[in-house]
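Here full-length UniProt numbering is used: position 43 in the sequence shown is 43, and no number is missing along the way. Beta carbons are placed, not taken as given, at the ideal position from N, Cα and C, and that holds for glycine. A quick note: this is a predicted structure, and the numbers were derived from the prediction, not measured. Accompanying notes for the structure given below.
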Amino acid sequence: MNATVQNTSNPLDYSLGETSKRIIVHQQDDLLIIHDHLFQDVTPTRFYHDQADTFLFIIKGEAYLQQYAPNNVQTIAEEITLKTHQGIWLNADTINSVTLLTPRVECCLIRLSNSMNSQPTQPFTKISSGTVESQLGRNQIRIWPLWETEIGRISLELYPAKYKETLYYHKTTTQYFLPLSGSTLLLSKSKTPTACPSIGKVIPPKEAVAILNPGNQNSIVLSVMTKHYNQGRVHLLTRS
């Protein structure tokens with residue numbers, strides 16, 4: 001992956017060749033979010049290599065992932081097929097190739113901390129809502145924790161039709177929401193509800209937010225939260 005731009009909170013994008021492109025949604029010490037929009041006729045294969053553990057999540061499409069043996073790019077150590085809404089950890093310093101199996105693939109790359117490479121090696125196993133147990137979250141929303149430790153949490157969240165919640169903020173946690181299906185609106189303290197952008201939305205600490213689903217069907221959101229996600233949540237009182 002080798003993202004080399006300076007820390008930024010504003011999206012940056014650049015070409016990967018004709019229609020394929022990379023969008024650096026957010027890059028800070030505690031959270032890196034990158035989207036790659038790849039087209040098979042332009043970028044049939046994309047290589048990923050980073051100095052820290054990185055979570056690869058398929059937003060759209062299907063891809064074939066090969067991980068090469070350490071110090072030997074001629075030998076394939078692991079291989080797996082990833083479908084829409086499935087993810088996998090790419091361990092630090094590994095070389096990985098992603099071959100597109102569909103005309104278009106959109107993927108999200110997530111790094112929660114520069115210290116991830118000091119953690120135990122993550123297993124080369126696909127992760128999805130079908131491989132983890134769901135649990136109830138705030139206001140009874142359904143959550144599938146794809147990965148969670150003291151560093152942070154990556155999860156899929158299901159918001160039922162006509163879902164509403166009150167404004168809240170986290171004291172020290174950065175949040176990222178990426179809409180995957182259905183209708184997802186974000187409500188802030190001083191604005192009317194707006195649609196969550198297709199590249200997702202980063203919510204910094206102490207910024208109030210609420211998620212709404214005004215639609216008649218469930219909505220699914222990829223949620224990323226940095227450390228202290230399970231504490232320091234403050235609800236804002238509303239006046240009648």
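The segment 18–37 makes contact with the segment 201–215; the number of CB pairs closer than 8 Å reaches 3 or more.
Sequence-distant partners of arginine 104 (beyond 5 residues in either direction) whose C-beta falls short of 8 Å from its own C-beta, in its chain, are His37, Leu38, Phe39, Gln40, Lys60 and Gly61.
Counted as a single uninterrupted DSSP element, the stretch harbouring glycine 182 is not any beta strand (DSSP E), since DSSP gives it neither H nor E.
The DSSP assignment places 20–28 and 31–39 as complete runs of the beta strand (DSSP E) inside the segment 16–40, in order along the chain (cut-off: 3 residues). Within the segment 145–224, the runs of beta strand (DSSP E) at least 3 residues long that lie entirely inside it are, in chain order, 152–159, 168–170, 175–181, 185–187, 201–203 and 210–212.
Asparagine 10 carries a coil assignment under DSSP once its states are collapsed to helix, strand and coil. Take serine 134, set aside five residues on each side of it, and the residues of its chain with a beta-carbon closer than 7 Å to its own are Arg142, Ile143 and Trp144, in chain order.
The Cβ-Cβ distance between serine 128 and serine 223 does not fall below 8 Å. Excluding its 5 nearest sequence neighbours in each direction, serine 20 has C-beta neighbours in its own chain below 7 Å: His37, Leu38, Phe39, Val42 and Thr43, listed in chain order.
For the 8 Å CB-CB criterion, glutamine 66 and serine 97 form a contact. Judged by DSSP in its simplified three-state form, glutamine 122 adopts coil rather than helix or strand. Considering only Glu106, Ile76 and Ile80, the residue with the shortest C-alpha distance to isoleucine 34 is Glu106. For a cut-off of 8 Å, the C-beta gap from glycine 182 to asparagine 139 is around 16 Å, too long to register as a contact. Judged by DSSP secondary structure, lysine 60 falls within the beta strand (DSSP E) whose first and last residues are 54–60. Spatial neighbours of serine 15 in its own chain (CB-CB distance under 6 Å, excluding positions within 5 residues in sequence) are listed in chain order as Lys21.
Rounded to whole angstroms, the separation of the alpha carbons of tyrosine 169 and lysine 126 is 31 Å. Here proline 214 really is in contact with lysine 162; their C-beta atoms are around 7 Å apart, less than 8 Å. A residue is called buried once 16 or more other Cβ atoms fall within 10 Å of its Cβ, and serine 113 is buried on that count.
Taking all protein chains in view, the Cβ of histidine 235 is surrounded by fewer than 16 other Cβ atoms within 10 Å, so the residue is classified as exposed. C-alpha of leucine 178 to C-alpha of proline 193: approximately 16 Å in a straight line.
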